[in-house]
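Protein chains in written order, with full-length UniProt numbering: chain A, 1 to 334; chain B, 1 to 322.
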């Protein structure tokens, strides 16, 4: 998986990763049945130092579960998760705790991710104090510093979350994620709950912090237009599997997988003239449930190009001649 | 232009001290789509709920110098008459179909109920009509699906059910409040197409509320931009996107990431945040965030007609009044 010229250790890595949930419930005949949800179903992903990798796909495709599994916030069913070369797969929470300060998460909803009873200064100082990285006085200075970096007045440290707007709360959540100087940040739909006029501000902040703290990001997003502008690399997920991966230029300007093509074709553009000449949507139906077992290619039921081979074998994610753009589709396999 | 289906003049909505909608005027013609765009708290949904008489009387005060549907005054109508209007002549679709559907009633019965109540169909006929409506909204296997409950439907399929219910009364006006916001983009594209196809076939007027400017470009004929409870700009869709006149509209269009632009072209954020609506707003509500503000902006600007159906509320434009 590792680029031959890039010998640096990846920051985060998933190797043949599977995350499954099973639920037991009684069916209509009263018999106990077990359903297995394959949220992540065999993913290889390597995130290198300083990269911003975007994970895109529709709801239920497993992108959030994959992000959480990379931080070991999910139990790994099969395969492995590594962080900076060390295997996190089977580690207990106690052993993971000191590693956690290097891997942080920013959530979608800044209204539920901050403790409403704590002053934001306390919320921000917590990671420093929990991990023993600073004394109380040092923590206070670090809080003032990080508030300034994320564009807030240090004087607001004594206020509670309710005193802030959505965009300001997301700045605070981001400040908490980066205050202990982590190496790796997973941001799960970090702007989709914010007002449109504020979204670009938060993206600018992520960009600024990436430079300032040499951060490595995984952005999870359903918004392809945003991804195009912030990602160094894009991975497209469908039903638990990465089906296409490459630079934003290659994936967006020359999508190879029929799913990526359909997804891009469905994104509206803020241009009424272009919208009027847009062809009708090509993708029909909805993705199958991750609880159903699939044979062959998991997209073939909705694919306009399905061939006999697609029912028989599961296409692997294979790299093309350029060594970076990869696609899991028999149309492009030699 | 045909006479408007819905005409609203100087609509104000107060919730106690909170002035949620401020002197909003607009009209919708049959067959036309009016897009209403704005951020959360801009008053776009509150405006439409007030028009439909859906604000509980004790909580909100609704006033207007004119509020007419097909020439009939809505402010003087009884609750019962308004209910009848909503079931028969005006349809409504919301963002969250799960919250709007009764979880304990089969989908077929919920659609049938509208037909029984507002169209005098008997139970048997309403049942058959419900299946037809599901089929028309693109629900596969409608006979079997009509007997199922809302939780057995995916988000996209639930929204189709909501559309079927809204269409049961063959409405002359459909108000769609962020109908695709909770849906994936591929499903959104199908729902947009469905609503537009139905509109083309029936000639109904459509009000489409969204915060998504890219989606708005796809659906609207005319767009009304709201900020802090008031209309700041209204224009035919091509004009609005080609030459936005209000600094807020221009800022919004500049701040969204576009798929059709190369990576180097960065979106420019609008500084600051929308004002809190529980404080009185003196002057232009956008002035604190506006790069073009000057001393006149301490007084609230009127909507200035700029010709070709364009209106914008900005003192910078007062010299070029049409």
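Here a beta-carbon is modelled for each residue, glycine too, at the ideal position from N, C-alpha and C.
Next item on the list: Quick one: using the 10 Å Cβ neighbour count with 16 as the cut-off for buried, is residue 3 of chain A buried or exposed?
Entry: Here residue 3 of chain A corresponds to residue number 3 of the first chain, with the count starting at 1. Reliability of the predicted coordinates at residue 3 of chain A is poor, the pLDDT of 47 falling under 50, and no value is obtained from them.
Note to self: I'd like to check one pair, residue 118 of chain B with residue 79 of chain B: are the Cβ atoms closer than 8 Å?
What the structure shows: By one-based count along the second chain, residue 79 of chain B stands at place 79. By one-based count along the second chain, residue 118 of chain B stands at place 118. Not closer than 8 Å, so no.
Notebook entry, point to check: To which residues does DSSP link residue 9 of chain B through a beta bridge?
Noted result: Here residue 9 of chain B refers to the residue found at position 9 when the second chain is read from its first residue. DSSP lists B:66 as partners of residue 9 of chain B.
Next item on the list: Within 10 angstroms of the Cβ of residue 63 of chain B, are there 16 or more other Cβ atoms? Answer buried if so, exposed if not.
Entry: One-based indexing of the second chain puts residue 63 of chain B at position 63. Burial call: exposed.
Item checked: Start-to-end residues for the alpha helix (DSSP H) that takes in residue 19 of chain A -> Numbered from 1 along the first chain, position 19 holds the residue referred to as residue 19 of chain A. Run containing residue 19 of chain A: none in the alpha helix (DSSP H); it sits in the beta strand (DSSP E), 12–26.
Check: Mind checking whether residue 182 of chain A and residue 101 of chain A have CB atoms under 8 Å apart?
Finding: Within the first chain, numbered from 1, the residue matching residue 182 of chain A stands at position 182. Within the first chain, numbered from 1, the residue matching residue 101 of chain A stands at position 101. Cβ distance < 8 Å, so residue 182 of chain A and residue 101 of chain A count as in contact.
Next item on the list: Please check if any C-beta of chain A sits within less than 8 Å of the C-beta of residue 232 of chain B.
Entry: By 1-based counting over the second chain, the position of residue 232 of chain B is 232. Not one chain A Cβ lies under 8 Å of residue 232 of chain B.
Margin query: Counting C-beta neighbours from all protein chains within 10 Å, is the total for residue 158 of chain A 16 or more, i.e. buried, or is it exposed?
Written below: Along the first chain, read from residue 1 onward, the residue named residue 158 of chain A stands at position 158. By the neighbour-count rule (16 or more Cβ atoms within 10 Å), residue 158 of chain A is not buried but exposed.
Checklist line | Extent of the continuous beta strand (DSSP E) run through residue 234 of chain B | finding: The sequence position of residue 234 of chain B within the second chain is 234, counting from 1. Start and end: 230–236.
Check: Within this structure, are the beta carbons of residue 241 of chain B and residue 270 of chain A separated by less than 8 Å?
Finding: Locating residue 241 of chain B in the second chain gives position 241, where the first residue counts as 1. Locating residue 270 of chain A in the first chain gives position 270, where the first residue counts as 1. A contact, by the Cβ cut-off of 8 Å.
Item checked: Selected residue, minimal CA-CA separation from residue 290 of chain A, among A:242, A:62 and A:44 -> On the first chain, position 290 is the one that residue 290 of chain A refers to. Of the candidates A:242, A:62 and A:44, the one whose C-alpha sits nearest the C-alpha of residue 290 of chain A is A:62.
Note to self: For residue 218 of chain B, would you say it is in contact with chain A, using Cβ-to-Cβ distances shorter than 8 Å as the test?
What the structure shows: Reading the second chain from its first residue, position 218 is the one you call residue 218 of chain B. Chain A contact via Cβ: present.
Check: Can you tell me whether DSSP reads residue 252 of chain A as helix, strand or coil?
Finding: Taking the first residue of the first chain as 1, we reach residue 252 of chain A at position 252. Looking at residue 252 of chain A - three-state DSSP - the assignment turns out to be helix.
Check: So which residues of chain B does residue 126 of chain A contact, with C-beta pairs closer than 7 Å?
Finding: Within the first chain, the letter at position 126 stands for residue 126 of chain A. Those within 7 Å of residue 126 of chain A in chain B number zero; the least Cβ separation is about 26 Å.
Notebook entry, point to check: Can you find a CB in chain B that lies within less than 8 Å of the CB of residue 280 of chain A?
Noted result: In the first chain, residue 280 of chain A corresponds to position 280, counting from 1. So yes, residue 280 of chain A belongs to the interface.
Item checked: 8 Å Cβ cutoff, residue 40 of chain B in contact with chain A -> Residue numbering aside, residue 40 of chain B sits at position 40 when the second chain is read from its first letter. With 8 Å as the cut-off, residue 40 of chain B counts as an interface residue toward chain A.
Next item on the list: Assign residue 302 of chain B to one of three DSSP states: helix, strand, or coil.
Entry: The residue you call residue 302 of chain B lines up with position 302 of the second chain. Residue state, collapsed to three classes: coil.
Item checked: the stretch 53–69 of chain A contacting the stretch 186–194 of chain A, beta-carbon criterion three pairs below 8 Å -> yes
Margin query: Quick check on this structure: which residue in A:41, A:56 and A:33 has the alpha carbon closest to the alpha carbon of residue 316 of chain A?
Written below: The residue given as residue 316 of chain A occupies position 316 in the first chain. Of A:41, A:56 and A:33, the residue nearest in Cα terms is A:41.
Next item on the list: Would you identify the three-state DSSP class for residue 110 of chain B, choosing helix, strand or coil?
Entry: Here the question's residue 110 of chain B lines up with position 110 in the second chain. Helix at residue 110 of chain B.
Margin query: Residues in the same chain with beta-carbon distance under 7 Å from residue 281 of chain B, minus the five sequence neighbours each way, listed in chain order, please.
Written below: Taking the second chain and counting its residues from 1, the one referred to as residue 281 of chain B is at position 281. Counting only Cβ-Cβ distances below 7 Å, and skipping sequence neighbours, we find 228 and 275.
Next item on the list: Flag residue 267 of chain A as yes if its beta-carbon sits less than 8 Å from any beta-carbon of chain B, otherwise no.
Entry: One-based indexing of the first chain puts residue 267 of chain A at position 267. By this cut-off, residue 267 of chain A is an interface position.
Item checked: Inter-residue Cα distance where the pair is residue 234 of chain A and residue 91 of chain B -> If you number the first chain from 1, residue 234 of chain A lands on position 234. If you number the second chain from 1, residue 91 of chain B lands on position 91. Approximately 41 Å between the Cα atoms of the pair.
Margin query: Along the chain, where does the alpha helix (DSSP H) containing residue 228 of chain A start, and where does it finish?
Written below: Here residue 228 of chain A is taken as the residue at index 228 of the first chain, counted from 1. It spans 224–230 - the alpha helix (DSSP H) in which residue 228 of chain A sits, taken as one unbroken run.
Notebook entry, point to check: For chain B, is any of its Cβ atoms less than 8 Å away from the one on residue 222 of chain A?
Noted result: For the purposes of this step, residue 222 of chain A is taken as the residue at position 222 of the first chain. Answer yes: the Cβ-Cβ gap between residue 222 of chain A and chain B drops below 8 Å somewhere.
Item checked: Rounded Cβ spacing between residue 183 of chain B and residue 159 of chain B (contact assumed at less than 8 Å) -> For the purposes of this step, residue 183 of chain B is identified with residue 183 of the second chain, where counting begins at 1. For the purposes of this step, residue 159 of chain B is identified with residue 159 of the second chain, where counting begins at 1. Going by Cβ atoms, the distance from residue 183 of chain B to residue 159 of chain B rounds to 6 Å, so yes, they are a contact pair.
Check: Got a sec: is the Cβ-Cβ distance from residue 79 of chain A to anything in chain B below 8 Å?
Finding: By one-based count along the first chain, residue 79 of chain A stands at place 79. With 8 Å as the cut-off, residue 79 of chain A does not count as an interface residue toward chain B.
Notebook entry, point to check: Quick one: what's got a C-beta closer than 6 Å to residue 236 of chain B's C-beta in the same chain, skipping five residues either side?
Noted result: The residue labelled residue 236 of chain B in the question sits at position 236 within the second chain. The answer, listed in chain order, is 222 and 309.
Note to self: For residue 90 of chain A and residue 73 of chain A, I'd like the C-alpha separation in whole angstroms.
What the structure shows: By 1-based counting over the first chain, the position of residue 90 of chain A is 90. By 1-based counting over the first chain, the position of residue 73 of chain A is 73. Computed Cα separation, rounded: 12 Å.
Check: Whose C-alpha, out of B:269, B:298, B:208 and B:245, is nearest the C-alpha of residue 47 of chain B?
Finding: Here residue 47 of chain B refers to the residue found at position 47 of the second chain. Considering only alpha carbons, the answer is B:208.
Notebook entry, point to check: I think residue 48 of chain A touches residue 259 of chain B, with their Cβ atoms under 8 Å apart; what is that distance to the nearest whole Å?
Noted result: For the purposes of this step, residue 48 of chain A is taken as the residue at position 48 of the first chain. For the purposes of this step, residue 259 of chain B is taken as the residue at position 259 of the second chain. Not really, about 25 Å apart at Cβ, beyond 8 Å.
Next item on the list: State the DSSP-derived secondary structure class of residue 216 of chain B, mapped to helix, strand or coil.
Entry: Taking the first residue of the second chain as 1, we reach residue 216 of chain B at position 216. The answer is helix: DSSP assigns residue 216 of chain B an H, G or I state.
Item checked: Rounded Cβ spacing between residue 168 of chain A and residue 147 of chain A (contact assumed at less than 8 Å) -> Here residue 168 of chain A refers to the residue found at position 168 when the first chain is read from its first residue. Here residue 147 of chain A refers to the residue found at position 147 when the first chain is read from its first residue. About 10 Å; that fails the 8 Å criterion.
Note to self: According to DSSP, simplified to helix, strand and coil, what is residue 209 of chain B?
What the structure shows: As a working note, residue 209 of chain B is residue 209 in the second chain. The answer is strand: DSSP assigns residue 209 of chain B an E or B state.
Check: Is the Cβ of residue 150 of chain B closer than 8 Å to any Cβ of chain A?
Finding: For this step, residue 150 of chain B is matched to residue 150 along the second chain. So no, residue 150 of chain B is outside the interface.
Check: How big is the Cα-Cα spacing for residue 29 of chain B and residue 169 of chain B?
Finding: Stepping through the second chain from its first residue, residue 29 of chain B is reached at position 29. Stepping through the second chain from its first residue, residue 169 of chain B is reached at position 169. Whole-angstrom Cα-Cα distance: 19 Å.
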